[in-house]
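Note sheet for the following structure.
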Amino acid sequence: MDGVVMAGRKAKIVLLYVAAAGALVVPSAMPAQAGPGVHPAAGGAGAAGPVRHQQSAGLSAGVAATGTGTGFGLTETWTNGGYYGDRGTFFADVTGDGRADAVVVNNDRIAVRRSTGAGFGLTETWTNGGYYGDRGTFFADVTGDGRADAVVVNNDRIAVRRAQ
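The sequence shown runs -34 to -1, 1 to 130 under mature numbering (1 follows the signal peptide of the UniProt record, and there is no 0).
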C-alpha cells in the first residue's frame, strides 16, 4: 500500500486502483474539490505518489491508494462504516503477512483490523489499556521479524511493544 489518508467519523475506507491513463480516480461518492490537503504516499512496492483527502459539507472520507508507479484506478470500499482512532489511524503490516493492516490508537487500547487483500477484517483488541506517546506513536518493524511493532516517542524516552 503506497499511501493512506483517513478523516471523518462516518467515513468509509476505500482503495483506488491504477488507471490505464495514469490518473487518480476520485470516488463518485466524494466531491472533486480538495479537502485539507494532499499527503505524500509512503512505502509499498509501487512508486510513491500523492493521495488527496476529499471533503465537503459533512462528507469526509479516507482513501487508500495502491500504485504501480503509473497512477491509480477504480475505487473499492474496504470497510462498511468508519474505522479510526482517538489518537490516530495507521496502516502497517503488524501481522507479518505482507499486507498493511488497519491499526487504530485509542485512549484505552490499540485495535487492529487485518487486511485480507480485498478488505479489512473484524476489529481485534491488541492492547488492554492505552499505548501512545507524548510526541508520537508509530508502527514500524524495528525488531526485523517482519511485523510492525508499536513505537512511542515520549519526552524522556522511546519505547517499543513488539508485535506478537
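Glycine is no exception: its CB is placed at the ideal position from the N, C-alpha and C atoms.
| Check | Outcome |
| --- | --- |
| How many whole angstroms separate the CB atoms of A58 and D67, which I take to be in contact at a CB cut-off of 8 Å? | 7 Å |
| Are the CB atoms of D107 and R113 nearer to each other than 8 Å? | yes |
| In angstroms, rounded to a whole number, what distance separates the CA positions of L40 and N46? | 18 Å |
| Return the CA-CA distance between W92 and G102, expressed in angstroms with no decimal places. | 18 Å |
| Exposed or buried, residue 199, counting other C-beta atoms within 10 Å across all chains shown (16 or more means buried)? | The requested residue 199 is not part of the displayed model; the chain covers only -34 to 130. |
| Output yes or no for whether 8 Å exceeds the beta carbon distance between G51 and V71. | yes |
| Under the three-state reduction of DSSP, which class applies to T89: helix, strand or coil? | strand |
| Do you know offhand how far G96's Cα is from D74's? | 4 Å |
| Cα separation between V119 and T82? | 30 Å |
| Along the chain, where does the beta strand (DSSP E) that runs through D122 open and close? | It is not in any beta strand (DSSP E) - D122 carries neither H nor E in the DSSP assignment. |
| Excluding the 5 residues flanking R53 on each side, which residues of the same chain have their C-beta closer than 6 Å to its C-beta? | V71, Y98 |
| In this structure, how does DSSP classify R79 when only helix, strand and coil are distinguished? | strand |
| For D63 and Q130, what's the separation of their Cα atoms in angstroms? | 13 Å |
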